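Colleague: Numbering (the numbering used here), first residue to last: 64 to 207. Note that the Cβ used here is the ideal one computed from N, Cα and C, for glycine as well. Given the structure is predicted, the values throughout are model-derived calculations rather than measurements.
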């Protein structure tokens, strides 16, 4: 199933379900996290072709340089999922979203074996596909 352009919540299904959260007033480089407690951050999903999507904050627009969900490697070389300017060099800002059964999905770099991996109360990191629950995401449209 593909996604239509719209506003969604995203929850990591590991540990009983941990919502994707971006703290208020984010800046470039703000980590995207799985935090139990706060309401999930509303995410805009925009289909850009095939199984590729651009993900951003729900209140964002399509202006050049707009913050989108992308990648960054920390000082230890661990690739993290963070907010980056759209079109930033050496970052991934387009994501493949694939079904993984039971209305769940995986999110990964297009054409690469680097999958969103969520751990409770931690930033989302990219890891090779493991088929684990922490790499499965419940993506639900928000009723307007």
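Quick check: residue 162 and residue 168, are their CB atoms within less than 7 Å of each other?
Modeller: Residue 168 sits close to residue 162, with the two beta carbons spaced by under 7 Å.
Colleague: Determine the closest residue to residue 151 out of 92, 72, 73, with distance taken between C-alpha atoms.
Modeller: Taking each of 92, 72, 73 in turn and checking the Cα distance to residue 151, the smallest one comes out for 92.
Colleague: Who are residue 142's beta bridge partners in DSSP?
Modeller: 136
Colleague: What residues in its chain sit with their C-beta under 6 Å from that of residue 189, if we drop five residues either side in the sequence?
Modeller: Answer for residue 189: 142, 177, listed in chain order.
Colleague: Tell me the rounded alpha-carbon separation between residue 183 and residue 98.
Modeller: In a straight line, the C-alpha of residue 183 is about 6 Å away from that of residue 98.
Colleague: Along the chain, where does the beta strand (DSSP E) that runs through residue 116 open and close?
Modeller: 115-120
Colleague: Which of the three DSSP states is assigned to residue 126 in this structure?
Modeller: coil
Colleague: Tell me which residue opens and which closes the beta strand (DSSP E) that residue 171 is part of.
Modeller: 167-172
Colleague: Note down, in chain order, each residue of its chain lying with its Cβ closer than 7 Å to the Cβ of residue 205, except the 5 sequence neighbours on either side.
Modeller: Same-chain partners within the cutoff: 70, 71, 72, 105.
Colleague: Going along the chain, which residues of its own chain have a beta-carbon closer than 8 Å to the beta-carbon of residue 195, five neighbours each way excluded?
Modeller: 77, 180
Colleague: Measure the Cβ-Cβ separation of residue 160 and residue 116 and say whether it is below 7 Å.
Modeller: yes
Colleague: Looking at the strands, I want to know which residues DSSP matches up with residue 71.
Modeller: 106, 204
Colleague: Could you check whether residue 74 and residue 80 sit closer than 7 Å to each other, using their CB atoms as the reference points?
Modeller: yes
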